[in-house]
Each structure stands twice: as structure tokens, then as C-alpha cells.
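Undergrad: Attaching a single structure in C-alpha cells format; questions to follow.
So, in C-alpha cells, the structure goes:
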């Protein structure tokens, strides 16, 4: 090994040791590492289950890593001092060999380890002493650091991510309790189960975060999703029924107005039109009132939270109300028909008389007689529509015939 190779090797080792020192300090300053090891003035978390099985050996091995770092640093420092003492002219070979043995050979004496009694022989010692090269020791340290780092990262992710997730789940449970309660929902069993799972997950989060992370959301989220789906369906149904009840009141008011129009048209027709007694009578008032009472019962059950039967009842109510609207509208129109016909005949006769005056034949005896008889029938009470219509038609034929 040449001096140049020794200098390069020492420079590389100093770079490695500098990086290692920086990363070890960063690991020691991690809050999660401090919680897991009880360092930095933080109380040590007592791990259990899968978390204890994985984390404690990993972070526990860091004690050896820090000890090994000291031995390794001491060995490289010793090699550096020897390099500075290498003669420039004679006697360098022995120093170079010594440096080489420090850097490449089994130059580091590891701390003695007690040999378990069951592994001893009669001639073996009670302690096991090993020597290792700097390179091999560094490999062991690298693997130990990676295991500890990964364990710390996994626990930190579980504490932060699952903690936030459990916080969101708690907020969802509170929200769903309010929503379900406001519409008399029946999902308390699922919400209670989700809350129990949440409490269990929170208790495990500190002592067994890795195990809590794998199962908590699988137990909680399906329950909350099922409740939320049911609540959303019920909320939509609640909104639909509320809108339907409001529309039903509007329909009932329209029906009441339509009923009054039918009553008025029937009364007027019987007073003013001969033979109006044969026209259909308006629906009984108690039929409209029965619809009002029915709607009131539906509203009461709606406020009691009995939604599905109310939705069915509201559909049936609408069918009955629409039938009444259709029937009452036909009755009103049937009674208005003769009145409208009388008014139309009056207007047509007036137009024909104006036309006769324009033709200069208004005083024609035949036209005068037809007009007087038709007017008598149209303006008397009750008016005789059929006979009056025939007279108006005769007046029109005579007016439009040969002059």
C-alpha cells in the first residue's frame, strides 16, 4: 500500500465518519426517536405487541452503533496519527504496514460479551471477545442504522397519519350523530361500534402504533361509510317529502279555489240558464276537507320521523288530489259552458245587427222579429240557449242571403 493510497483511504474514512456523525445526530434529535428511547428529556413510550417486537431491537441496537462509532473513529484517528509520523526517507515500510493493518485488518476489539452458560465448554471463557476490521464494522453499523431509521419512520408515520385519520374519524362520528339524530336515524349501533373501535385504536396508537395502523381504519371506515350512506339517503328522502308536502299544500289551495269556482259556476248556471239542473254538481265540500285532514296526518307522521310510510302516503294523496282537480275542473267547465255559450250568442247577435245596419237592412221586418225573439231568450232568466242559438243562426242566414 503506497502513501498515496493511504492518504486516499484516510480521506474517504474521514468523509464516511463525518456523514455518519451527522446522521447519528439527526436521528438522536428526532422527537419520535426520543420518545422510543427515553432520551432528550422525554419519557420513554412503553411499546407492546408488533411494535415492540420490531422497534425495540432496532432502536436498542443503536447503543452499540454509537459505541462502535467511537471505536471506529478512534481507530481511524490512530491511523491518521501514524500517517503523520511516517518518515520521509527511511523506515517508512513498517509504519505503512501498521497503518494498513489498522485500516484493512481486524484491528478493532469489540467489547466483551458474556457467554451464556448453556453455550460454554469446560475450557471456554465466560466472555466472548471478537476483533473486526473497520470496513466490516461499518457495514454492521449501516445495517443497524437503517433498521432503526425505518422503525422510527414507521412509528412516526403511524402516529402522525393515523392520529390525523382518527381525528377525522372522530369528527365524522360527531357530525353523523348530529345528522342522524336530527332526522330520527337508526344508526346508533354502527356509530357506537365505530366509537368503540376509535377508542381502541387510540389506546393502541401509543403502545402499538404499527399494529393499530394496520387495523383501525379497516374497522372504523366501513361503519362510518355505511352510516353516512344511510343518512344521505334519509336526508334526500326528508328533503323530497318536505318539498312534496309544500307542493301538496299548494295543490290543496288550488283545489279549494277550483272547488269554489265550480260552486259559483254551478249556482250561476242554475240561476241564468234553463235546464242547468242536468249539469254535474260540484264535488261535496267534505271531499276537499278530507284531503286536508289526510295531509295533516301525513305532516304529523313526517315530524315524527316516519318517512317511508309518509312518502307512500304522499304519493297516494297526490293521486287522489289530482283526480279531484281533474273532476272538479271538468264540472266547472261543464257549468261554465252554457254561460259562455249565452255570452257568445249575445256578442254574435250584436255583431250581426251592426252588420245589418251597415247593409241598411236593420229595419227589415224579418230581421227585427228574429233579433227581438233571440234577445228575449238570451237576456231572460233563465236563458233558453238552444232556441236562442237557432234564432241567431236564422238571423245570420237571412242577413247573408240574397238581398
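Residue numbers (this note's numbering): 10 to 412.
By construction, the Cβ of each residue, glycine as well, lies at the ideal position given by its N, Cα and C atoms.
(1) Only counting the same chain, and skipping five residues up and downstream in sequence, which positions put a Cβ closer than 6 Å to that of residue 413?
(2) Identify every run of the alpha helix (DSSP H) within the segment 26-109, keeping only runs that are complete inside it and at least 4 residues long; order them along the chain.
(3) Roughly how many angstroms lie between the CA atoms of residue 135 and residue 180, to the nearest whole one?
(4) Along the chain, where does the alpha helix (DSSP H) containing residue 152 start, and where does it finish?
(5) Based on Cα-Cα distance, which residue from 387, 232 and 32 lies nearest to residue 71?
(6) How close, in whole Å, do the beta carbons of residue 232 and residue 262 come, if the pair is a contact with beta carbons under 8 Å?
(7) If you draw a straight line from the C-alpha of residue 360 to the C-alpha of residue 403, how long is it?
(8) Taking Cβ positions, are residue 392 and residue 351 nearer each other than 8 Å?
(9) With H, G and I counted as helix, E and B as strand and the rest as coil, what does DSSP make of residue 306?
(10) Can you check whether the CB of residue 42 is closer than 8 Å to the CB of residue 161?
(11) What's the call for residue 1, buried or exposed, on a 16-neighbour Cβ count within 10 Å?
(12) So the candidates are 105, 306 and 140; which of them puts its Cα closest to the Cα of residue 117?
(13) Inspect the beta-carbon positions of residue 211 and residue 175 and report whether they are closer than 8 Å.
(14) If you reduce the DSSP assignment to three classes, tell me which class residue 250 lands in.
(15) Assign residue 53 to buried or exposed, taking buried as 16 or more other Cβ atoms, counted over all protein chains shown, within 10 Å of its Cβ.
(16) Which class does residue 121 belong to by DSSP, given the choice of helix, strand or coil?
(17) Take residue 290 as the anchor and find which of 46, 277 and 95 has the nearest alpha-carbon.
(18) So, residue 196 versus residue 240, is the Cβ gap smaller than 8 Å?
(19) Three or more C-beta pairs under 8 Å: does that hold for the segment 336-350 against the segment 305-316?
(20) Sorted by chain position, which residues of the same chain lie with C-beta nearer than 8 Å to residue 254's C-beta, five sequence neighbours on each side aside?
(21) Counting pairs of beta carbons, one from the segment 77-96 and one from the segment 105-121, are three or more of them closer than 8 Å?
(22) According to the neighbour-count rule (16 or more other Cβ atoms, all chains shown, within 10 Å of its Cβ), is residue 34 buried or exposed?
(23) Alpha carbons only, please: which of 163, 44 and 177 is nearest the one belonging to residue 234?
(24) Rounded to whole angstroms, what's the CA-CA distance from residue 23 to residue 60? Just pull it up for me.
(25) In whole angstroms, what separates the C-alpha of residue 271 from that of residue 349?
TA: Taking the structure as given:
(1) Lying before the first or after the last residue shown, residue 413 is absent from the chain, which here runs from 10 to 412.
(2) 40-46, 58-69 and 71-93
(3) Taking the chain shown and counting its residues from 1, the one referred to as residue 135 is at position 126. Taking the chain shown and counting its residues from 1, the one referred to as residue 180 is at position 171. Here the model assigns residue 135 a pLDDT of 49, short of 50, so the residue's position is not dependable, and the following value carries that caveat. Distance between the alpha carbons of residue 135 and residue 180: 60 Å.
(4) Start at 1 with the first residue of the chain shown, and residue 152 comes out as number 143. Element bounds for residue 152: 143-166.
(5) Against the chain shown, residue 71 aligns to sequence position 62. Nearest C-alpha to residue 71: 32.
(6) On the chain shown, position 223 is the one that residue 232 refers to. On the chain shown, position 253 is the one that residue 262 refers to. Residue 232 to residue 262, Cβ: 45 Å. No contact.
(7) For the purposes of this step, residue 360 is identified with residue 351 of the chain shown, where counting begins at 1. For the purposes of this step, residue 403 is identified with residue 394 of the chain shown, where counting begins at 1. Straight-line Cα distance between these residues: approximately 14 Å.
(8) Stepping through the chain shown from its first residue, residue 392 is reached at position 383. Stepping through the chain shown from its first residue, residue 351 is reached at position 342. Going by C-beta atoms, residue 392 is nearer than 8 Å to residue 351.
(9) As a position in the chain shown, residue 306 is number 297, starting the count at 1. Looking at residue 306 - three-state DSSP - the assignment turns out to be helix.
(10) Residue mapping note: residue 161 aligns to position 152 of the chain shown, counting from 1. Residue mapping note: residue 42 aligns to position 33 of the chain shown, counting from 1. Yes; because the gap between Cβ atoms is below 8 Å, this pair is in contact.
(11) The structure shown does not extend to residue 1, since the chain spans only 10 to 412, so no value can be given for it.
(12) Taking the first residue of the chain shown as 1, we reach residue 117 at position 108. Per the Cα distances, 140.
(13) The sequence position of residue 211 within the chain shown is 202, counting from 1. The sequence position of residue 175 within the chain shown is 166, counting from 1. Against a cut-off of 8 Å, the Cβ pair of residue 175 and residue 211 comes out as a contact.
(14) One-based indexing of the chain shown puts residue 250 at position 241. Correct three-state label for residue 250: helix.
(15) Here the question's residue 53 lines up with position 44 in the chain shown. With fewer than 16 other Cβ atoms within 10 Å, it is exposed.
(16) Along the chain shown, one-based indexing puts residue 121 at 112. It is coil, neither helix nor strand.
(17) Taking the chain shown and counting its residues from 1, one reaches residue 290 at position 281. Nearest of 46, 277 and 95 to residue 290, Cα basis: 277.
(18) Residue mapping note: residue 196 aligns to position 187 of the chain shown, counting from 1. Residue mapping note: residue 240 aligns to position 231 of the chain shown, counting from 1. Cβ distance < 8 Å, so residue 196 and residue 240 count as in contact.
(19) no
(20) The residue you call residue 254 lines up with position 245 of the chain shown. The answer, listed in chain order, is 304, 307, 308, 311 and 323.
(21) yes
(22) Translated into the one-based positions of the chain shown, residue 34 becomes position 25. With fewer than 16 other Cβ atoms within 10 Å, it is exposed.
(23) Locating residue 234 in the chain shown gives position 225, counting from the first residue. When only C-alpha atoms are compared, the closest one is 177.
(24) Taking the chain shown and counting its residues from 1, the one referred to as residue 23 is at position 14. Taking the chain shown and counting its residues from 1, the one referred to as residue 60 is at position 51. Taking the straight line joining both Cα atoms gives about 36 Å.
(25) Sequence index remark: in the chain shown, residue 271 carries index 262 (1-based). Sequence index remark: in the chain shown, residue 349 carries index 340 (1-based). Spanning the two alpha carbons is a distance of roughly 14 Å.
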